[in-house]
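As structure tokens, the structure follows; a few thoughts come after it.
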Amino acid sequence: MPVRTGHRILLVGPWRAGTAGGGCCTASPEDIGIVPHEHPPHDPGRDDAGGDDGPGPAAVVRALRASVGPEVDVQLVDPRNTVYLVPTVFRDARAGGASAARALATAARATTPWTLVADGVVVSRAVPLDHPSALACLPPDIPRTSTTR
Amino acid sequence: MPAIVVAVVVLALFALGYLYYSRYLAERVYGLDPAFVTPAHELSDGVDYVPTNKHVVFGHHFTSVAGAAPIVGPAIAVFWGWGPALAWVVLGTIFAAGVHDFGALAVSVRHKARSIGTLAHDVISRRARTLFLLIIFFLLTLVNAVFAVVIGNLLVANPGAVIPIFVEIPLAIAIGQYIYRKGTAALVPSLFGVVGLYLLIWVGNEVPIEIDGLADQLGFDRTRDLWVIIMFAYTFIASRMPVWVLLQPRDYINSHQLFIALGVILLGILVGMDEIVAPVVNDVPEGSPSIFPILFITIACGAISGFHSLVASGTTSKQLDKETDARYVGYMGALGEGSLALGSILAVTAGVAATRADWDALYVDHSTASDGAVGNFVNGVASFANNLGVPLDLAAVFAAVVVVSFAATTMDTGVRLQRYVVQEIAELAGWRKLARNLTLAGIVAVAIPMAMALLPGGGDAGYTFGVLWRLFGTTNQLTAGLALAVIAVWVTKRSRNPVAVLVPLVFLLIMTSWALIQQLGEFIDAEEWVLAPMDAVIFVLAMWLIVEAAIALRRAFTDRAVAGTRT
Numbered sequence: 001m002p003v004r005t006g007h008r009i010l011l012v013g014p015w016r017a018g019t020a021g022g023g024c025c026t027a028s029p030e031d032i033g034i035v036p037h038e039h040p041p042h043d044p045g046r047d048d049a050g051g052d053d054g055p056g057p058a059a060v061v062r063a064l065r066a067s068v069g070p071e072v073d074v075q076l077v078d079p080r081n082t083v084y085l086v087p088t089v090f091r092d093a094r095a096g097g098a099s100a101a102r103a104l105a106t107a108a109r110a111t112t113p114w115t116l117v118a119d120g121v122v123v124s125r126a127v128p129l130d131h132p133s134a135l136a137c138l139p140p141d142i143p144r145t146s147t148t149r
Numbered sequence: 001m002p003a004i005v006v007a008v009v010v011l012a013l014f015a016l017g018y019l020y021y022s023r024y025l026a027e028r029v030y031g032l033d034p035a036f037v038t039p040a041h042e043l044s045d046g047v048d049y050v051p052t053n054k055h056v057v058f059g060h061h062f063t064s065v066a067g068a069a070p071i072v073g074p075a076i077a078v079f080w081g082w083g084p085a086l087a088w089v090v091l092g093t094i095f096a097a098g099v100h101d102f103g104a105l106a107v108s109v110r111h112k113a114r115s116i117g118t119l120a121h122d123v124i125s126r127r128a129r130t131l132f133l134l135i136i137f138f139l140l141t142l143v144n145a146v147f148a149v150v151i152g153n154l155l156v157a158n159p160g161a162v163i164p165i166f167v168e169i170p171l172a173i174a175i176g177q178y179i180y181r182k183g184t185a186a187l188v189p190s191l192f193g194v195v196g197l198y199l200l201i202w203v204g205n206e207v208p209i210e211i212d213g214l215a216d217q218l219g220f221d222r223t224r225d226l227w228v229i230i231m232f233a234y235t236f237i238a239s240r241m242p243v244w245v246l247l248q249p250r251d252y253i254n255s256h257q258l259f260i261a262l263g264v265i266l267l268g269i270l271v272g273m274d275e276i277v278a279p280v281v282n283d284v285p286e287g288s289p290s291i292f293p294i295l296f297i298t299i300a301c302g303a304i305s306g307f308h309s310l311v312a313s314g315t316t317s318k319q320l321d322k323e324t325d326a327r328y329v330g331y332m333g334a335l336g337e338g339s340l341a342l343g344s345i346l347a348v349t350a351g352v353a354a355t356r357a358d359w360d361a362l363y364v365d366h367s368t369a370s371d372g373a374v375g376n377f378v379n380g381v382a383s384f385a386n387n388l389g390v391p392l393d394l395a396a397v398f399a400a401v402v403v404v405s406f407a408a409t410t411m412d413t414g415v416r417l418q419r420y421v422v423q424e425i426a427e428l429a430g431w432r433k434l435a436r437n438l439t440l441a442g443i444v445a446v447a448i449p450m451a452m453a454l455l456p457g458g459g460d461a462g463y464t465f466g467v468l469w470r471l472f473g474t475t476n477q478l479t480a481g482l483a484l485a486v487i488a489v490w491v492t493k494r495s496r497n498p499v500a501v502l503v504p505l506v507f508l509l510i511m512t513s514w515a516l517i518q519q520l521g522e523f524i525d526a527e528e529w530v531l532a533p534m535d536a537v538i539f540v541l542a543m544w545l546i547v548e549a550a551i552a553l554r555r556a557f558t559d560r561a562v563a564g565t566r567t
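Each protein sequence line maps, in turn, to chains C and X.
Take 1 as the starting number for the first sequence in full-length UniProt numbering and just add one per residue.
Take 1 as the starting number for the second sequence in full-length UniProt numbering and just add one per residue.
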């Protein structure tokens, strides 16, 4: 069973356009320097149609980084990035003492958009978070900076 | 020779390339600085720009660039023997793709994470932005055309794949709705999607659907053409849907399939210990396309792909925590693509045939090799899956479904992207009606590649797939050339030695121009009055790129000399 060497917080971002692609022969409009937002708002096919509103996940991650101790690794992960997300959450959960089956279930749950995972435990799921609510979800053993204690 | 030996040697060479050559690039050519404040730190919009762990960024980058294209090129190129094809994949990946992908990321990070199209404007000239859009327009036209033909050929050859492929569409929509509306995890529903898809393979194999009769009644000479029209009608509709409805869940399902297919290839080789039966260098028939320059544009993705510069400079560069992470993310991404090409070469040289005579029959001439390439890959992977105990007929449908799924997703995104490009070019040209009319732009985005895919002529057998594929490869290499030109100018301006960038740039431009001239002659001789003008226009773009790159490089060297004199 892996041994935990530090704390890790993962904020799984919203389900958004980013790179909805067909592999190496396509790219997103932003990748070729075209901003789809400039296209008419009634365009049902524009890439941000159906996207999430609310606080930006990057802003939440920045604020979290400022609020927790420097030894805590805080990352923003796309829900599509299973190459990183699933093994990392599985490993963290196992290091926290979860059984293999439970760790696998946690890793699967962690692919939910707007999910906060702290040391392999899903502490908030499917709810867009702002900084204070994200901070409130974190377990007490996660070190905070002096201003946020 | 056992396929596993070749796989191990190539992967070892890739590891050496990463350990030594990418370090040289990082330290001596791109001059990466761990203290440099990356755009992820400097710019903050709460959405895109966020400093991210390099392993996270690599996962995101790799799932964005890995796809079906590195399968097709190598599957054709082994016509000249597996030695030259593998050599170009290995050398291209280490000395061209690695330089290109890594460099595009590095230069973008130094320019506030701007895309390569914008950087062409900033670093080379204002005209280069228009050149970039035109190259992308032709590239997307050919991508959509070749993948429509790939799908058409595979659905004709594997009627068992029809049900899984078409039921995957409502399946993906249902999964997308479920994930988005319920706000639930994406992994488990998409894995159910993969399982559902594989159950449908069994159904499809039991109930194969052939539309030869319908195509005949409708007056089509080739059944493939009816599939091409069906696919373009579907993509026209799909491109008008929000991405989360179909594209994203479908892409998610496909990303799982990619890893499953890679696992099947590697495990199948390991368990079956298949021997490579193809010759190292093939004695090709007289009159075949010459290895120089055609091999180097036949394998584009898998040796070097211009598309990677778009993703590297568009999405990935906004997330780099440290500038030095560009080495791991960019160079490793290129190695990942090279590994896919390796899998394809092994499938079509070791998996597809048991004896040299069987292989020779599949690669008897260039047009047979081109038209059969994807089918050969499918049968090769099926053979590897068969090594793992999967019945051969089911395994063939499985492999066809993997390739068609990827090709269809590429078309989904390609047609959507082309619509934006058409609108952008129309805006630049002042054609307001086309720029503002989404339906009209969508029709243009679909009609041109569909015309290419349905192209009449070429004798009784019609055009070989290889003709379209060569034009696609040429245009993809031009995109890579443009990105390398941007990188070379940037490296020169920073008073660093640009040779590592200039060598692949010059090599690509020579091969591309040579191939275009050679093909133009062939098209004119054969009185192909659709392909010849297209080839000529792409040749003009290549010349334009050479002139722009030469002017920008000369200016950069002059500025550097002047700055050196002053100091």
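All C-beta atoms, glycine included, are put in the ideal place defined by N, C-alpha and C.
On a predicted model such as this, the values are computed, not experimentally measured, just so you know.
Assumed close pair residue i, residue j - CB separation to whole angstroms, cut-off 8 angstroms
i, j, result
"residue 412 (chain X)", "residue 239 (chain X)", "7 angstroms"
"residue 41 (chain X)", "residue 51 (chain X)", "5 angstroms"
"residue 13 (chain C)", "residue 78 (chain C)", "6 angstroms"
"residue 73 (chain X)", "residue 299 (chain X)", "4 angstroms"
"residue 387 (chain X)", "residue 268 (chain X)", "4 angstroms"
Cβ of residue i within 8 angstroms of any chain B Cβ
i, result
"residue 68 (chain C)", "Going by chain labels, chain B is absent from the structure shown, which instead holds the protein chains C and X."
Residue i: first and last residue of the uninterrupted beta strand (DSSP E) it sits in
i, result
"residue 8 (chain C)", "7–12"
"residue 124 (chain C)", "121–124"
"residue 115 (chain C)", "115–118"
"residue 73 (chain C)", "72–77"
Beta-carbon proximity list for residue i, same chain, < 8 angstroms, skipping 5 on both sides
i, result
"residue 539 (chain X)", "513, 516, 517 and 520"
"residue 432 (chain X)", "426"
"residue 14 (chain X)", "90, 93, 94, 335, 338 and 339"
"residue 354 (chain X)", "277"
"residue 327 (chain X)", "22, 23, 25, 26, 32 and 102"
"residue 59 (chain C)", "131"
Cutoff 6 angstroms; reference residue i; Cβ partners in own chain excluding five residues on either side
i, result
"residue 86 (chain X)", "345"
"residue 568 (chain X)", "Outside the shown range of chain X (1 to 567) lies residue 568 (chain X), about which nothing can therefore be said."
"residue 313 (chain X)", "104, 108, 115 and 116"
"residue 342 (chain X)", "10"
"residue 21 (chain C)", "Unreliable placement is indicated for residue 21 (chain C), whose pLDDT of 48 sits below 50; the coordinate value is still reported in the next sentence. Once the five neighbours on either side are set aside, residue 21 (chain C) has no close Cβ partner at all."
"residue 65 (chain X)", "308, 311 and 333"
Within 8 angstroms, strictly: CB atoms of residue i and residue j
i, j, result
"residue 311 (chain X)", "residue 27 (chain C)", "yes"
"residue 149 (chain X)", "residue 472 (chain X)", "no"
"residue 115 (chain C)", "residue 187 (chain X)", "no"
"residue 421 (chain X)", "residue 133 (chain X)", "yes"
"residue 423 (chain X)", "residue 441 (chain X)", "yes"
"residue 72 (chain C)", "residue 10 (chain C)", "no"
"residue 69 (chain X)", "residue 25 (chain C)", "yes"
"residue 415 (chain X)", "residue 376 (chain X)", "no"
"residue 172 (chain X)", "residue 253 (chain X)", "yes"
"residue 165 (chain X)", "residue 404 (chain X)", "yes"
"residue 203 (chain X)", "residue 496 (chain X)", "no"
"residue 158 (chain X)", "residue 361 (chain X)", "no"
"residue 198 (chain X)", "residue 398 (chain X)", "yes"
"residue 118 (chain C)", "residue 103 (chain C)", "no"
Beta-carbon contacts of residue i that lie in its chain and below 7 angstroms, excluding the five residues immediately before and after
i, result
"residue 43 (chain C)", "Its pLDDT being 43, under 50, residue 43 (chain C) is placed unreliably by the model, and nothing is read from it."
"residue 532 (chain X)", "520, 523 and 524"
"residue 40 (chain C)", "Its pLDDT being 43, under 50, residue 40 (chain C) is placed unreliably by the model, and the measurement read from it follows with that caveat. Taken in chain order, the list of residues that qualify is empty."
"residue 67 (chain C)", "135, 144, 145 and 148"
"residue 453 (chain X)", "145, 148, 149 and 228"
"residue 274 (chain X)", "3, 350 and 351"
Extent of the continuous alpha helix (DSSP H) to which residue i belongs
i, result
"residue 91 (chain X)", "82–92"
"residue 89 (chain C)", "82–95"
"residue 476 (chain X)", "465–493"
"residue 36 (chain X)", "Careful: residue 36 (chain X) lies outside any alpha helix (DSSP H) and carries neither H nor E."
Quiz item: Which residues, in chain order, does the region 70–89 of chain C contribute to contact with chain X at a C-beta distance below 9 angstroms?
Solution: Within the region 70–89 of chain C, the qualifying residues are 73, 75, 76, 77, 78, 79, 80, 81, 82, 83, 84, 85, 86 and 88.
Quiz prompt | the region 58–74 of chain X: positions lying closer than 7 angstroms to chain C by Cβ | solution = Within the region 58–74 of chain X, the residues whose Cβ lies closer than 7 angstroms to some Cβ of chain C are 59, 60, 62, 63, 64, 65, 66, 67, 68, 69 and 70, listed in chain order.
Quiz item: In chain order, what residues of the region 185–219 of chain X put their CB closer than 7 angstroms to some CB of chain C?
Solution: For the region 185–219 of chain X, the set of residues with a beta-carbon nearer than 7 angstroms to any beta-carbon of chain C comprises 185, 186, 187 and 188, in chain order.
Quiz item: Taking Cβ-Cβ distances below 8 angstroms as the criterion, which residues of the region 412–426 of chain X are in contact with chain C?
Solution: Flagged, chain order: 412, 413, 414, 416, 417, 419, 420, 421, 423 and 424.
Quiz item: Listed from N- to C-terminal order along the chain, which residues in the region 96–111 of chain C have their beta-carbon within a distance smaller than 8 angstroms of any beta-carbon of chain X?
Solution: For the region 96–111 of chain C, residues whose beta-carbon sits nearer than 8 angstroms to a beta-carbon of chain X comprise 107, 108, 109, 110 and 111.
Self-check item: chain C contacts made by the region 113–124 of chain X, where a contact means CB separation under 7 angstroms
Solution: Answer in chain order: 115, 117 and 118.
Practice problem: Return the residues of the region 119–136 of chain C that lie within a Cβ-Cβ distance of less than 7 angstroms from chain X, sorted by chain order. | Solution: The region 119–136 of chain C vs chain X, Cβ under 7 angstroms: 126.
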